[in-house]
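What follows is a single structure, written as structure tokens, with notes after it.
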Amino acid sequence: MRLYETHMPWESPLYVCSIHFDLDSPYPGYTISKNPDFDWGRTLVDEDELCMSHSVCMELHEPGDDFWIYIKRVGFQQFELGY
């Protein structure tokens, strides 16, 4: 996450496809998938705790084409995986 925030804060690797509201909860749920416009072929350079540089290929972390996840908000800045 730190690598992504340092090098690509303007690009999101994930995409919110829909927002759901349950009648019995004041908090929404989110259906999230892989962002088709994100550049997964990019290689970034990261520096570890010992100040050594390492190349990280984003493609190694790319989720599959059928990647979907549901996340529920349960409070202020609090989330959990939904089912």
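Under my numbering, read the sequence shown as residues 8 to 90, first letter to last.
The beta-carbon is built from N, C-alpha and C at its ideal position, and this holds for glycine as well.
Thinking just about the alpha-carbon of each residue, which of the options is nearest to the one in residue i?
{"i": "threonine 50", "options": "Leu21, Tyr37, Leu67, Cys58", "result": "Leu67"}
{"i": "glutamate 18", "options": "Ser32, Asp31, Phe45, Leu30", "result": "Phe45"}
{"i": "isoleucine 76", "options": "Gly89, Gly48, Phe83", "result": "Gly89"}
{"i": "histidine 27", "options": "Arg80, Gln84, Phe74", "result": "Arg80"}
Can residue i and residue j be called in contact, C-beta distance under 8 Å?
{"i": "tyrosine 34", "j": "isoleucine 78", "result": "no"}
{"i": "histidine 61", "j": "aspartate 53", "result": "yes"}
{"i": "tryptophan 47", "j": "methionine 65", "result": "yes"}
Kindly indicate the opening and closing residues of the beta strand (DSSP E) around residue i.
{"i": "phenylalanine 83", "result": "Segment: none, phenylalanine 83 is in no beta strand (DSSP E) and carries neither H nor E."}
{"i": "aspartate 53", "result": "50-54"}
{"i": "cysteine 24", "result": "21-28"}
{"i": "tyrosine 37", "result": "35-41"}
{"i": "histidine 61", "result": "60-64"}
Three-pair Cβ contact test at 8 Å for the segment 39-55 versus the segment 16-23: yes
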